[in-house]
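Colleague: Counting in UniProt numbering, the sequence shown runs from 1 upward without gaps.
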Amino acid sequence: MSAHGDPIPMSARRAGPLSGVAEVPGDKSISHRALILGALSVGETRITGLLEGQDVLDTARAMRAFGADVAHLGPGEWVVNGVGVGGFAEPADVIDCGNSGTGVRLIMGAMASSPITATFTGDASLRARPMGRVTEPLALFGAAAYGRAGGRLPMTVVGAVEPVPVRYAVPVPSAQVKSAVLLAGLNAPGETVVKEREPTRDHTERMLAGFGASLRIEQTDEGRVIVLTGQPELRPQSIAVPRDPSSAAFPVCAALIVEGSDVLVPGIGLNPTRAGLFTTLIEMGADLSYENPREEGGEPVADLRARFSPAMKGIEVPAERAPSMIDEYPILAVVAAFAEGVTRMPGIGELRVKESDRIAAMAAGLRACGAMVEEGADWMAVTGRGPGGLPGGATCATHLDHRIAMSFLCAGMAAQHPVTVDDAGPIATSFPVFEPLMERLGAVFARVGA
Numbered sequence: 001m002s003a004h005g006d007p008i009p010m011s012a013r014r015a016g017p018l019s020g021v022a023e024v025p026g027d028k029s030i031s032h033r034a035l036i037l038g039a040l041s042v043g044e045t046r047i048t049g050l051l052e053g054q055d056v057l058d059t060a061r062a063m064r065a066f067g068a069d070v071a072h073l074g075p076g077e078w079v080v081n082g083v084g085v086g087g088f089a090e091p092a093d094v095i096d097c098g099n100s101g102t103g104v105r106l107i108m109g110a111m112a113s114s115p116i117t118a119t120f121t122g123d124a125s126l127r128a129r130p131m132g133r134v135t136e137p138l139a140l141f142g143a144a145a146y147g148r149a150g151g152r153l154p155m156t157v158v159g160a161v162e163p164v165p166v167r168y169a170v171p172v173p174s175a176q177v178k179s180a181v182l183l184a185g186l187n188a189p190g191e192t193v194v195k196e197r198e199p200t201r202d203h204t205e206r207m208l209a210g211f212g213a214s215l216r217i218e219q220t221d222e223g224r225v226i227v228l229t230g231q232p233e234l235r236p237q238s239i240a241v242p243r244d245p246s247s248a249a250f251p252v253c254a255a256l257i258v259e260g261s262d263v264l265v266p267g268i269g270l271n272p273t274r275a276g277l278f279t280t281l282i283e284m285g286a287d288l289s290y291e292n293p294r295e296e297g298g299e300p301v302a303d304l305r306a307r308f309s310p311a312m313k314g315i316e317v318p319a320e321r322a323p324s325m326i327d328e329y330p331i332l333a334v335v336a337a338f339a340e341g342v343t344r345m346p347g348i349g350e351l352r353v354k355e356s357d358r359i360a361a362m363a364a365g366l367r368a369c370g371a372m373v374e375e376g377a378d379w380m381a382v383t384g385r386g387p388g389g390l391p392g393g394a395t396c397a398t399h400l401d402h403r404i405a406m407s408f409l410c411a412g413m414a415a416q417h418p419v420t421v422d423d424a425g426p427i428a429t430s431f432p433v434f435e436p437l438m439e440r441l442g443a444v445f446a447r448v449g450a
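#1: Could you compute how far the alpha carbon of residue 17 sits from the alpha carbon of residue 284?
#2: Count the CB pairs spanning the stretch 71-86 and the stretch 233-245 that are closer than 8 Å, and state whether there are at least three.
#3: Is any non-hydrogen atom of the ligand ATP found closer than 7 Å to the C-beta of residue 251, if you look at the structure I gave you?
#4: Mind checking whether residue 340 and residue 386 have CB atoms under 8 Å apart?
#5: Just how far apart, CA to CA, sit residue 176 and residue 351?
#6: For residue 394, which of 409, 354, 388 and 247 has the nearest alpha-carbon?
#7: Using the DSSP secondary-structure output, state which residues sit across from residue 109 in a beta bridge.
#8: Please classify residue 220 as buried or exposed, where buried requires at least 16 neighbouring CB atoms within 10 angstroms.
#9: Who does residue 445 pair with in a DSSP beta bridge?
#10: Within a Cβ cutoff of 6 Å, which residues of the same chain sit near residue 70, ignoring the five residues on either side of it in sequence?
#11: In chain order, what residues of the same chain lie with their CB nearer than 6 Å to the CB of residue 344, ignoring the 5 residues before and after it?
#12: Measure the CB-CB distance between residue 454 and residue 134 and report whether it falls below 8 Å.
#13: Which stretch, first to last residue, makes up the alpha helix (DSSP H) that contains residue 203?
#14: Applying the criterion that 16 or more other CB atoms from any shown protein chain within 10 Å of the CB defines a buried residue, is residue 75 buried or exposed?
#15: With DSSP collapsed to three states, give me the class of residue 176.
#16: Let's test the definition: count the other Cβ atoms within 10 Å of the Cβ of residue 129 and tell me whether it reaches 16, buried, or not, exposed.
#17: Pairing CB atoms from the stretch 162-178 with CB atoms from the stretch 134-143, are three or more of them under 8 Å?
#18: Among the candidates 272, 25 and 367, whose CA atom is the shortest distance from the CA of residue 240?
#19: Excluding sequence positions up to five away, which residues of its chain have a Cβ less than 6 Å from the Cβ of residue 184?
#20: Using the beta-carbon count (16 or more within 10 Å), is residue 374 buried or exposed?
#21: Could you tell me which uninterrupted alpha helix (DSSP H) segments, each at least 4 residues in length, are contained entirely in the stretch 15-69, listed from first to last along the chain?
#22: With which residues is residue 372 paired in a DSSP beta bridge?
#23: Counting only runs that start and end within the stretch 268-347, where is the beta strand (DSSP E) found for 3 or more residues in a row?
#24: If you check the beta carbons only, do residue 22 and residue 334 fall under 8 Å apart?
#25: On a Cα-Cα basis, can you pick out the residue from 88, 254 and 56 that is closest to residue 13?
#26: Can you give me the C-alpha to C-alpha distance between residue 2 and residue 446, rounded to a whole angstrom?
#27: Alpha carbons only, please: which of 337, 349, 300 and 302 is nearest the one belonging to residue 321?
#28: Based on Cα-Cα distance, which residue from 404, 55, 171 and 318 lies nearest to residue 428?
#29: Since residue 426 and residue 390 are thought to touch, with beta carbons under 8 Å apart, how far apart are those beta carbons, to the nearest angstrom?
#30: Under 6 Å Cβ to Cβ from residue 433, same chain only, skipping five residues before and after it: list those, please.
#31: Between residue 179 and the rest of its own chain, which residues show a CB-CB distance below 6 Å, the 5 nearest in sequence each way excluded?
#32: So residue 58 and residue 96 are supposed to be a Cβ contact under 8 Å. How far apart are they, rounded?
#33: Just curious, the alpha helix (DSSP H) that residue 135 is in, first and last residue?
#34: Based on Cα-Cα distance, which residue from 377, 295, 292 and 252 lies nearest to residue 279?
#35: Where do the N-terminal and C-terminal ends of the beta strand (DSSP E) with residue 154 fall, by residue?
Structure representation (structure tokens):
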């Protein structure tokens, strides 16, 4: 699959049970951060298990453009020789972050407190996404940003000549915003303080501590407070990237809805700020179990076994759980269509400003497939039709969104009639082996018009 170029229409149809071992790629969030912090350390950082999807490869190219030596040694194995905190060079060309909101926002944070200028762009989807939520706190450090109307890419960021530390309360739960501010705080003197009312994924904090940054975390009545001491010398690390729970969601959820399935997904990162989907599925009655729990690289890891679960019931997903599973609501909506009763998902307004408006995209596609879906500004409710009950037979618009594409392909594996997506190309941005991995488990895909 290609993340760019001509659309790749693809369909999935009901086939036999899914079975086997699904070795999903490395965690995308951790892969981005490993490259960036490796570039900001002094010396050689070795990374294994790096996700080699287009999003992460774009971040690797960006780190080279800022002066780090980034080398690919073999499948998933990379070496980064960093330039140190404050050592970024000014890029000679525009930084193209492709489809990655995480990549562009974290890189903006990493360079915003250095006296350099960089211009960022991306694909059509990324150029439509708002950047003001990151550039506003970065301005507090002394950086300036000049972009299109609405704070959109292409955008030029002028880094602070004399950065100052900041205190910032994240207005909406966002690990990207929190991480951008912390990365900017690395090159500011004194203490940068970030406060979040609701905890979001904490990979940046864990990794900063691992690289030797002085960082402390306090739980207060007002939320979680992170205090970072600026201008450290980060020490290079050896990082083993755990497998991505957001990618694991697709073979896991497909196994739950395809009759007779039994799939094992080994070595999945189960950071509590990322595992909300699996908790929700178990509450719905999914036959999902954790095997061989352990810790790898400071992150909790386990093997997940998922079996066909015909007795799943709709539930109300707690709104406060949304930050721990924000990327998984599209595939949860598919599972909900095969459960009994109503699954209500409140507090998910953030989905409106992802790679696409994911609430609108999922609602439209599921309705076309025969499901009953209601939606509001920050909520969605799916009335399930029970095991095998979704008619399918529709072509669903992906809006250049990889998770929308994979979710509807999973729906096609269990629906009565094939489900087609208008473009499977964007899947390469995050899960480049999705198609062969799912086919090895027993999925049946077809390139439409091929």
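Cβ atoms here follow ideal geometry from the backbone N, Cα and C, with glycine treated the same way. The model shown is predicted, which means the values in this text are computed figures rather than measured ones.
Modeller: The structure says:
#1: 21 Å
#2: yes
#3: The ligand ATP is absent from the structure shown, which contains no ligand whatsoever.
#4: yes
#5: 14 Å
#6: 409
#7: According to DSSP, residue 109 bridges with nothing at all.
#8: Exposed, because fewer than 16 other Cβ atoms sit within 10 Å of the Cβ of residue 220.
#9: 12
#10: These residues qualify, in order along the chain: 60, 63, 64 and 80.
#11: 316 and 381
#12: With the chain running from 1 to 450 in the structure shown, residue 454 is simply not present.
#13: Counting along the chain, the alpha helix (DSSP H) containing residue 203 begins and ends at 203-210.
#14: exposed
#15: In this structure, residue 176 counts as helix in the three-state DSSP scheme.
#16: buried
#17: yes
#18: 25
#19: 109, 112, 113, 138 and 141
#20: exposed
#21: Runs found: 28-39 and 54-65.
#22: 383
#23: 287-296, 299-307 and 340-346
#24: no
#25: With distances taken between Cα atoms, residue 13 lies closest to 254.
#26: Residue placement at residue 2 cannot be trusted, given a pLDDT of 42 that sits under 50; what the coordinates show is reported in the next sentence. A direct Cα-Cα distance of roughly 16 Å separates residue 2 from residue 446.
#27: 349
#28: 55 is the residue among 404, 55, 171 and 318 whose C-alpha sits nearest the C-alpha of residue 428.
#29: No, residue 426 and residue 390 are not in contact; Cβ-Cβ is about 23 Å, not under 8 Å.
#30: none
#31: 106 and 204
#32: 6 Å
#33: 132-141
#34: 252
#35: Where residue 154 is concerned, the enclosing beta strand (DSSP E) stretches over 152-158.
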